[in-house]
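Colleague: So for the sequence shown, my numbering puts the first residue at 148; every next one is plus one.
For every residue, glycine included, the Cβ atom is placed at its ideal position computed from N, Cα and C.
Note that the structure is a prediction, hence the values are computed from the model and not measured.
Structure below; questions to follow.
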Amino acid sequence: MRYPLFSRRPHWICLALMLLAHTNAARAEQAEVEFFEKKIRPVLVEHCYKCHAASGEAIKGGLQLDHRDGLLQGGDSGPAIEPGKPDKSLLIASLKYDSYEMPPAGKLPDHIIRDFETWIANGAVDPRKLDSAPRKSQGIDWEAARQFWAFRPLATTPEQRQEHAAAPTEMIDFQVRRPLAAQGITPNPAAKPEKRLRRLYYDLIGLPPSEEAILEFVNDPSPARWEATVDQLLARPEFGERWGRHWLDVARYADSNGGDFNATYHNAWRYRDYVIQAYNQDMPIHQFFTEQIAGDLLPARNDEDRRDKIVATGFLMIGPKMLSERDKEKLKYDVIDEQIDSFGKVFLGLSLGCARCHDHKFDPVPTSDYYAMAGIFQGTQVLNGEMQQYVSDWLRRDLPTTPEHLQSLQQHQQQLVELQGTVKNSEKQVQQLEQQVQLLRQGRNALVLDNEQARLVGEWKASTFTSPFVGTNYIHDNKQNKGEKQAIFSTTLKQPGKYQVLFAYVPSSGRDTRVPVHVVQGDQRKTYFIDQTKKPDLLGNYVLLEEFEFPANAEVQVIVSTEGTTDYVIVDAVQFLRVPSATEPPLDDAELRLAENNWELARKQLEEHQQSLKKLQSQSPPPVPQAIAVQDLEECVDCPIMIRGEHTNPGATVPRGSLKIFSGEQASLDILQGSGRRELADWLVTEASPLVSRVYVNRIWMHLLGEGLVTSVDNFGMQGIPPTHPELLDALSAYFMDTNWSTKKLVRAIVLGEVYQRGKQHQPEAYEIDPENRLLWRGHRRPLSAEEIRDTFVLLQRKLDESRGGSTVSHFGRLVVDNNNQANSQLAQEYAARRAVYQPVLRNQLTGIAVLFDFANPEMVVGKRPATNVPSQALFLLNHPQVRDTSRDLVDRLFAEHGAGSFSGLPSLYLSLFGRLPEQRDEELLQGYLTQRLGEDVDPARVHDVWCEMVQALLISTEFRYLD
């Protein structure tokens, strides 16, 4: 066995596997709640509440579906669901029309039924309780609601803000020290220099420090060196790649639509690159937010700025859409709902989507506020026609380009039109001359059977894509159902004698090179194999099969088969040309020869024109760049409240506006023209700015300290968790706004402080008081993300491609599953060495490492990724080829630089993997392992293999995969 480590692992690996069994159930449940709110609740409200809810017309069959207990208890026929068992749940049987037929108005689409099966299989998580079932609103106490901590102004005075701006790091440390002192807890000292440095590098740029950087900092871990290192990392382009990916998590970024029609977003990469660039340039976040909502409506300094602002609105476009929804009005409102829901969670930390069907059950968001925003997004174009029947397409916007570029495109287009006209006329001339030749040949004992006269077995497709061809078209097998298709040409030759049997096809690359063609007469059968990539040598794309002697009234068949073929098979025509005998009087062929010569000359001219056209097409200037971006509709109107969220049941119209909780009882916006997106963006970063700042600052803190000051990072509403340090959160939010909403200054202030740099040592007394470390007495341990693990492997192999930006899905077809696998594989290898942030993110088709190591689900807003520890992660690292390749490359390099089996390379190895030098106990452990595995064996190949096993064990260790 190549990797006997599988059977005899060091004890610390076995222990790690046992510890990995723990799963963070709370994070998983949060994702399931999100799934319920987006996929399940809206369907229940629209299709079931009328007959099975307290707010409906009646509760039929004793079944109430507006709370979880009702589903579990069921009605007259028993429980509606069995969590974890969709195949035994009556609800699923009813939706499939296998027992009861629900809803009675018509069976739901298959993808919705699959969503219910997934929901039940995952435990049927449902946050609805009996006392929260919809009932008539008692109204919102706005005065009391505005006293809730999240909706209050920032609790800082001008004097405090001025003081904090001068010393933000000291302010952070003071605000954290105070509650610790009140509890009698002494916080941990700073972590070891090498651990702090590794933490800093991964947190700021997502990559480990170099060996040189580690040794330099260990030799001089002074505050000044730490500060200089922080500033260097903030200035590196990798900072934008790391922190841009954090934003892409909440922006639900993907390179494909997902859902029932997983079409490729070929231009989504522009939005991704815009985000990375914004973080590298430290764009003020209020500007960053404004551009993503209404960038296309803002003034621009120049064409480049205009291009960036249009691209920014991709935020409103890249969510998943049910493109094949046949009710296009419903699809429109579903898209609007996804935009509103994302807007609320991303910018405000509020679940605004819960107000689509009724007033929000917990937060001060009435349904009228939801539809005030819906009016704004209703005037924003996202969809644009259909890409095929019933399947909607999305808007693509041309981006500004140079006048010279536009002129070259216009000139090239004009040349194309002219040359295409020449080719068309030439094709017409060839066809006319061909008909003349065929008529003359018919008079000279020639019989032509076009493909339209053949009897077809299986499904063939007609085409005129490549010319010239005989008759009106030719046919091909579409590379499908190989071996099952035939084209059978049958005729009776009345005159006896010699006949040339010819077969016509249209040659091209991509054709099969061994197409079987059978000539059958009586019990005689001869087979020929035709290479259809080669041009036939006779007029009219004919190839001579053979010259036959046929009796009078011979019944002859020419059969073209797809058996044994792998590429396209083409069938155009068959010709039987009678050869006059020596005793027959000669025919005057002068007219035929002249027609054939003219035909051949025209064909050559056509080929020249076609080659010129092909060359011109290959020399096309780059097309006008496009972005997946929104624009305002020509007519923008207010939206009615849809009763129960049903678009077929409109109620009173509400003016477009924002949220009353921030704007007073009248939340309408003063919209001068257009959709109102610009006014909404301005409102967001002015009237709602305290909450907006709190939400963003909390995410920054969470990414650096492991948990947010508000641990429910995407929920700042009544059901969220209050901040552990409210004064610190407000002080940081004020500092953030006062420094022009600068992400880099905020990150810098946090990482320079003692709170960020603390070690994670265990203190029994502190743990007893604060087991969850809410008071921040110790450092936080976090696992490396999927991207960090993957990028580190590539870096360790010294293969990391530092090229930045651009598309990595240009080779994908319209659907991510409809692609040339060979081409995809080749191009995937070209992109494989680039950082993970540039790898394609395909909904429903995430990579194995992404799924296992908690990559953000691109279907939804993910402010904080789940952090799971499961055995399958270790098994993945034990078995994945990239891990084995990385181990082998490291060992090859160690042996080349330090000699085979030498421990002199161990310091370099440990610095690369763990960011520290090895200790004596490390060497003893590894030496014991090698002795156990090798004994007295000195075979070079065996030594190399065992070292590879050992290095791979280090790569899957807890110390490698976690930051302390």
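Pop quiz: T105 and I788 are said to be a contact at Cβ under 8 Å. What is the actual Cβ separation, rounded to whole angstroms?
Modeller: A query on residue 105 cannot be resolved here, the shown segment of the chain reaching from 148 to 1111 and no further.
Colleague: Would you call T639 buried or exposed, if buried means 16 or more other Cβ atoms sit within 10 Å of its Cβ?
Modeller: Counting Cβ neighbours within 10 Å, T639 comes out exposed, since fewer than 16 surround it.
Colleague: Sorted by chain position, which residues of the same chain lie with C-beta nearer than 6 Å to T1124's C-beta, five sequence neighbours on each side aside?
Modeller: In the structure as shown, the chain begins at 148 and stops at 1111. Residue 1124 is therefore absent and cannot be evaluated.
Colleague: Would you please state the rounded distance, in angstroms, between the beta carbons of L899 and V458? I believe it to be under 8 Å.
Modeller: Not a contact, Cβ separation roughly 34 Å.
Colleague: What residue range is occupied by the uninterrupted beta strand (DSSP E) comprising M789?
Modeller: Per DSSP, M789 belongs to the beta strand (DSSP E) from 786–789.
Colleague: What's the gap between the Cα of R325 and the Cα of S1059?
Modeller: So the two alpha carbons sit approximately 38 Å from each other.
Colleague: Can you tell me whether DSSP reads L530 as helix, strand or coil?
Modeller: L530: strand per DSSP, three-state reduction.
Colleague: With DSSP as the reference, identify every bridge partner of Y621, one or two as the case may be.
Modeller: In the DSSP output, where bridge partners are listed per residue, Y621 has S610.
Colleague: Would the region 824–835 and the region 540–560 be scored as touching if the rule is three or more Cβ pairs under 8 Å?
Modeller: Verdict: no, contact absent.
Colleague: To the nearest angstrom, report how far apart G253 and S241 are at their CA atoms.
Modeller: Distance between the alpha carbons of G253 and S241 is about 11 Å.
Colleague: For E306 and G864, what's the separation of their Cα atoms in angstroms?
Modeller: So the alpha carbons of these two residues sit roughly 29 Å apart.
Colleague: Three-state secondary structure (DSSP) at N968?
Modeller: Here the model assigns N968 a pLDDT of 47, short of 50, so the residue's position is not dependable, and the following value carries that caveat. Helix, per DSSP.
Colleague: State yes or no: is the C-beta of E385 within less than 9 Å of the C-beta of I352?
Modeller: Yes, these two residues count as a Cβ contact at 9 Å.
Colleague: In the DSSP output, which residue or residues are listed as bridge partners for D420?
Modeller: For D420, which the question treats as bridged, DSSP gives no partner whatsoever.
Colleague: Out of T709, Q578, F697, L685, state which residue places its alpha-carbon closest to the alpha-carbon of I635.
Modeller: Out of T709, Q578, F697, L685, T709 has the C-alpha closest to the C-alpha of I635.
Colleague: In the DSSP output, what is W541 paired with across the bridge?
Modeller: BP columns for W541 point to L530.
Colleague: Note down the Cα distance separating V721 from G618, rounded to an integer number of angstroms.
Modeller: Using only the alpha carbons, I get a separation of about 12 Å.
Colleague: Since F462 and Y517 should fall inside the 8 Å C-beta cutoff, what is the C-beta to C-beta distance between them, to a whole number of angstroms?
Modeller: The pair is not a contact, with the Cβ atoms about 19 Å apart (cut-off 8 Å).
Colleague: For the region 322–342 against the region 918–925, do three or more pairs of beta-carbon atoms, one drawn from each stretch, fall closer than 8 Å, so that the two count as touching?
Modeller: Yes: the two stretches touch, three or more of their Cβ pairs being nearer than 8 Å.
Colleague: For D785, which residues in the same chain have their Cβ closer than 7 Å to its Cβ, ignoring the five residues on either side in sequence?
Modeller: If we look at D785 and ignore the five residues flanking it on each side, its Cβ neighbours are G522, T800, V801, P802, R803.
Colleague: Assuming A415 contacts D402 (C-beta within less than 8 Å), just tell me the rounded distance between them.
Modeller: Contact flag correct, Cβ pair sits at about 5 Å.
Colleague: Output the boundary residues of the alpha helix (DSSP H) element that contains L893.
Modeller: Note, L893: alpha helix (DSSP H), 890–898.
Colleague: Give me whichever residues DSSP pairs with H199 in a beta bridge.
Modeller: BP columns for H199 point to I206.
Colleague: Closer than 6 Å by C-beta to G209: which residues in its own chain qualify, once you throw out the five before and the five after it? Chain order, please.
Modeller: Answer for G209: G222, D223, listed in chain order.
Colleague: For the alpha helix (DSSP H) that contains L827, what are its first and last residues?
Modeller: Looking at the DSSP string, the run of the alpha helix (DSSP H) that includes L827 is 824–831.
Colleague: For M520, which residues in the same chain have their Cβ closer than 6 Å to its Cβ, ignoring the five residues on either side in sequence?
Modeller: Answer for M520: I487, listed in chain order.
Colleague: Going straight from the alpha carbon of L831 to that of E472, what length do you get?
Modeller: Roughly 32 Å between the two C-alpha positions.
Colleague: Closest to R293 by C-alpha separation, out of E599, G405, I808, E606, would be which residue?
Modeller: Taking only the C-alpha atoms, the option nearest R293 is I808.
Colleague: Does the region 177–197 touch the region 495–508, meaning 3 or more C-beta pairs lie closer than 8 Å?
Modeller: These segments touch.
Colleague: So what's Y843 in DSSP terms, helix, strand or just coil?
Modeller: Helix, per DSSP.
Colleague: Exposed or buried, which one is S1049 when buried takes at least 16 other CB atoms within 10 Å?
Modeller: Looking at its Cβ environment, which holds fewer than 16 other Cβ atoms inside 10 Å, S1049 is exposed.
Colleague: Going by beta carbon distance, what residues of the same chain come within less than 7 Å of R389, once the five residues before and after it are set aside?
Modeller: Result list for R389: L351, I352, G353, in chain order.
Colleague: Count Cβ pairs between the region 659–672 and the region 696–705 that sit closer than 8 Å; are there 3 or more?
Modeller: Yes: at least three Cβ pairs fall under 8 Å.
Colleague: Using DSSP with H/G/I as helix, E/B as strand and the rest coil, what is F863?
Modeller: Of the three classes helix, strand and coil, the one that applies to F863 here is coil, per DSSP.
Colleague: For the 8 Å Cβ check, are there 3 or more pairs between the region 653–660 and the region 749–756?
Modeller: Verdict: no, contact absent.
Colleague: If I measure Cβ to Cβ from P300 and keep anything under 8 Å in the same chain, skipping five residues before and after, which residues do I get?
Modeller: Closer than 8 Å at the Cβ level, and outside the excluded window around P300, lie P837.
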